[in-house]
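**Q** In the working numbering, the protein residues as written are 456 to 794. Glycine residues also receive a C-beta, built at the ideal position from the N, C-alpha and C atoms. The structure presented is a predicted model; accordingly, all values stated were derived computationally and were not measured.
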Ligand code: TYM
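#1: Given the structure, does residue 660 come close to the ligand TYM, in the sense that its CB is under 7 Å from one of the ligand's heavy atoms?
#2: Got a sec: does the ligand TYM put a non-hydrogen atom nearer than 7 Å to the Cβ of residue 598?
#3: Taking just the CA atoms, how far does residue 756 sit from residue 532?
#4: Roughly how many angstroms separate the alpha carbons of residue 718 and residue 710, rounded to a whole number?
#5: With respect to 7 Å, is the separation between the Cβ of residue 798 and the closest non-hydrogen atom of the ligand TYM below this value?
#6: Rounded to whole angstroms, what is the Cα-Cα separation between residue 753 and residue 565?
#7: Please work out which residues of its chain come closer than 7 Å, Cβ to Cβ, to residue 774, disregarding the five sequence neighbours upstream and downstream, and give them in chain order.
#8: Hey, is residue 547 close to the ligand ATP, as in C-beta under 7 Å from one of its heavy atoms?
#9: Decide if residue 590 is buried, meaning its Cβ has at least 16 other Cβ atoms within 10 Å, or exposed.
#10: Around the C-beta of residue 597, are 16 or more other C-beta atoms found within 10 angstroms, so that it is buried, or is it exposed?
#11: Where residue 695 and residue 490 are concerned, what is the direct C-alpha to C-alpha distance, given to the nearest angstrom?
#12: Threshold first: 3 residues or longer. Then list the beta strand (DSSP E) segments lying entirely within the region 621 to 670, N to C.
#13: Compute the Euclidean distance between the alpha carbons of residue 460 and residue 770, then round it to the nearest angstrom.
#14: Which term fits residue 713, buried or exposed, when burial requires 16 or more other beta carbons within 10 angstroms of its beta carbon?
#15: Is it a yes or a no for the region 736 to 755 touching the region 601 to 609, going by three-plus beta-carbon pairs under 8 Å?
#16: So, at 6 Å on beta carbons, what are the nonlocal neighbours of residue 680 in its own chain, with the 5 sequence-adjacent residues on each side left out?
#17: Count the CB pairs spanning the region 504 to 515 and the region 727 to 735 that are closer than 8 Å, and state whether there are at least three.
#18: Nearest to residue 704 by CA position, among 654, 715, 716, 744, is which residue?
#19: Considering just the uninterrupted stretch of the beta strand (DSSP E) at residue 541, what are its terminal residues?
#20: May I have the straight-line CA-CA distance separating residue 449 from residue 678, to the nearest angstrom?
#21: Identify every residue that forms a DSSP beta bridge with residue 501.
#22: Please return the same chain residues whose Cβ sits closer than 6 Å to the Cβ of residue 594, not counting the five positions on each side in sequence.
#23: Over the uninterrupted beta strand (DSSP E) stretch that includes residue 524, give me the two end residues.
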């Protein structure tokens with residue numbers, strides 16, 4: 456009876472992560488972190504800093520370390536309470552690499568070849584199309600499946616990777632029985648695909664070569680305002696939501712909608728007959744106000760390295776405990792001799 460009770464009150468589990476491959480962007484915030492903090496009470500949440508994924512592209516070691524700690528501070532500053540959420544660094548939990556290898560052997564060459572991110576990244580890094588870049592979705596599947604996650608909150612661009620994770624899990628379960636929980640992607644309706652401010656047909660990305668297209672979460676207010684003022688729009692001078700015909704304006708409307716909670720109809724009426732100048736400034740100011748407390752809190756936390764160390768150490772222990780259980784089960788199923 457007692458056992459049944461704990462069973463029924465067990466919260467569903469969430470796993471997600473961000474690569475510290477560049478400074479966090481407004482896209483990472485609106486597409487991912489913002490949704491994470493809203494889910495903390497309802498779910499048992501695991502959020503990682505996906506440092507192992509970053510080395511599929513060459514990194515400067517000192518920069519990677521700095522960005523990983525900054526990203527941890529930013530997670531907390533965005534409202535992820537480290538008591539309620541397990542915050543950890545992927546490379547601190549060896550089970551990710553260990554399950555990643557096993558899943559490599561249950562992932563097909565053909566399905567990896569179809570990943571759009573692999574095609575994009577290999578076009579951008581033609582001199583370094585390494586095996587890790589190719590098998591990256593199997594490592595991401597390991598990240599998710601180790602925690603038996605029910606839900607994976609991500610932006611639109613990661614949907615394909617969650618889908619392949621489900622295919623891998625189904626294949627594995629089909630052979631060995633119900634080893635892995637089948638995860639669902641969780642993609643917010645608005646903010647799931649924030650586009651570049653200078654080329655609104657491309658997504659806003661940490662690794663964007665054009666610094667004006669991308670707004671960073673910890674950027675100075677004057678820089679954010681300047682970037683919004685320069686944002687590419689069109690010659691129509693009408694604030695109307697139409698992603699096909701008016702990608703620049705629609706992207707700004709999306710950003711304004713998520714930051715202010717206003718819907719598209721209200722925004723269209725607010726700027727009726729005003730042209731783009733007032734609109735762009737309003738979006739820039741809304742973003743500055745949204746990010747200001749996050750930036751200030753991140754800076755405060757970054758000054759306390761000992762505190763951050765405690766958080767990632769505790770996080771690694773809590774994550775290792777759960778991940779270890781799944782890994783042991785997998786090793787047994789595939790026929791490895793127990794140590
Ligand atoms: P990454 O680091 O590229 O992006 C982190 C999260 O931010 C979302 N995102 C965006 N959302 C909306 N608009 C944008 N312009 C935008 N840019 C980024 C991404 O969709 C993502 O949710 N492979 C993952 C990291 C990862 C992971 C995982 C995620 C590793 N293991 C396990 C979930 C579960 C990645 O590269 O995300």
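**A** Looking at the coordinates:
#1: In this structure, residue 660 has its beta carbon less than 7 Å from a heavy atom of the ligand TYM.
#2: Indeed, a heavy atom of the ligand TYM lies less than 7 Å from the Cβ.
#3: Spanning the two alpha carbons is a distance of roughly 8 Å.
#4: Approximately 11 Å, taken between the alpha carbons.
#5: This structure leaves residue 798 out entirely; the chain is present only between 456 and 794.
#6: The straight-line gap separating the alpha-carbon atoms of residue 753 and residue 565 is approximately 42 Å.
#7: Around residue 774: 501, 541, 543, 548.
#8: In terms of ligand content, the structure shown lacks the ligand ATP and carries the ligand TYM instead.
#9: Note on residue 590: 16 or more other CB atoms within 10 angstroms of its CB, so buried under the neighbour-count rule.
#10: Around the beta carbon of residue 597, 16 or more other beta carbons sit within 10 angstroms, so the residue counts as buried.
#11: Their Cα atoms are separated by approximately 26 Å.
#12: 639 to 641, all fully within the region 621 to 670.
#13: Low confidence applies to residue 460: its pLDDT is 46, below 50, so where it sits in the model is not reliable, and the reading given next is rough at best. Each residue's Cα considered, the two are about 27 Å apart.
#14: With 16 or more Cβ atoms within 10 Å of its Cβ, residue 713 is classed as buried.
#15: Short answer: they don't touch.
#16: Only residues of its own chain outside the window of five on either side were considered, and among them 739 have a CB closer than 6 Å to the CB of residue 680, listed in chain order.
#17: Cβ pair count under 8 Å is below three, so no.
#18: Checked all of 654, 715, 716, 744; the closest Cα to residue 704 is 654.
#19: For residue 541, the enclosing beta strand (DSSP E) stretches over residues 540 to 544.
#20: The requested residue 449 does not occur in the structure, where the chain is confined to residues 456 to 794.
#21: DSSP, once it has assigned bridges, lists 470, 541 as partnering residue 501.
#22: 555.
#23: Looking at the DSSP string, residue 524 is not in any beta strand (DSSP E); the run it does join, the alpha helix (DSSP H), is 516 to 532.
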